[in-house]
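A.B. asks: Sharing a structure with you now.
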Amino acid sequence: MFKNAQKRAIELGTGITFTNADPWLRRSEQVLFDFTNNKHEIQNWSKGSDTDIGGFSSVRFDNHFSGAACFHGYLSQKLPQNLKVKRSGYALVQTKAKPSSLDNNGFWDSSQFRFLSIRAKLPSSNIINNNTRRFYINIKCSSIIRQDIYQHSLNFSQLDQWEELVIPFPDFALTSNSVILAAQMEMYRQKILTFGFSCTDMIEGNFKLLISNIKMFNTDRTDGDCDRIPLSSSFKWKKNDLQFI
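Residues 1 to 245 in UniProt numbering are what the sequence shown spells out, letter by letter.
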């Protein structure tokens, strides 16, 4: 019976032809959050600040008149009455728990993509006493250590202008309580629990960040963390085609 089934499978396979097929064909991008086109997206995010430990910072996350999401509030360096707390002044937003389904079990899988893109704007109001505020994007993966967060700074080149901030996933650093760990571990890319933004720069005053969308993507030379070797024709390779980014 097995031989007959195997023979039938071979016969069926002989009728299949591929013309200029790409054996590594993948989705080029996946939009994670689109605040501009979905006004209800912010309902899937939660807020946090040092008020959890008795601090005095405030945080809001709401729709901006520009169509983007607005992460804003006030960062206070005032210490709480609890003498055990030696440092205060932080605010953050992060995604709520993702509902489980048959294909993801409640996680985001970024392993098929090389880059994370954030379309965002840094208002000039973030310059305080000649210091420019710093914002971070945070990724939390499945881990036994609750404080472990993968983090990368949002490096804007200009103020009051929309920018596409592109970060390779391997460039995220493992941190604990906002401190980069000496022993770095690779991100568990298949099991991302949350995405988030934070402001922890120890500058007293207001803060504001506008976010339009967040997506994961590949270029035509990348397939997740692997480099793609482009085909020069259907079944041939060219040596001078092997150029990578």
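Where a beta carbon is used, it is the ideal one built from N, C-alpha and C, also for glycine.
1. Look at the alpha carbon of Q81 and the alpha carbon of T51, and state the distance between them as a whole number of angstroms.
2. For F107 and L79, I'd like the C-alpha separation in whole angstroms.
3. Using a threshold of 8 Å, state whether the C-beta atoms of Q77 and S66 are closer than that.
4. Can you give the Cα-Cα distance for K208 and I144, rounded to whole angstroms?
5. Helix, strand or coil for T219 per DSSP?
6. For T95, I'd like the list of residues in its chain whose CB is within less than 7 Å of its CB, leaving aside the five on either flank, ordered along the chain.
7. Taking just the CA atoms, how far does T219 sit from K239?
8. Q158: which of L122, R146, N129 sits nearest, CA to CA?
9. Out of R60, G73, K215, K191, which has the shortest C-alpha to C-alpha gap to A97?
10. Considering only C-alpha positions, which residue in the set Q161, T36, G224, D109 is nearest to P168?
11. Hey, F135 and L116 are a contact pair by Cβ (cut 8 Å); roughly how many whole angstroms apart?
12. Name the one or two DSSP bridge partners that Q94 has.
13. Under 8 Å, do F172 and M185 count as touching if we go by C-beta distance?
14. If distances are taken between C-alpha atoms only, which option among D160, S49, A120 comes closest to T36?
15. Do you know offhand how far D160's Cα is from R133's?
16. Assuming W162 is part of the beta strand (DSSP E), what are its boundary residues?
17. Please confirm whether S111 and R189 have their CB atoms less than 8 Å apart.
C.D. replies: In short:
1. 12 Å
2. 36 Å
3. no
4. In a straight line, the C-alpha of K208 is about 32 Å away from that of I144.
5. coil
6. Here the set comprises N44, W45, T194, F195, G196.
7. Only weak support is given to the placement of K239: the predicted model assigns it a pLDDT of 45, under 50, and the value that follows is read from those uncertain coordinates. About 20 Å.
8. L122
9. Ranking R60, G73, K215, K191 by Cα distance to A97 puts K191 first.
10. G224
11. With a Cβ gap of about 14 Å, F135 and L116 do not count as contacting.
12. S46, G196
13. no
14. A120
15. 13 Å
16. 162 to 168
17. yes
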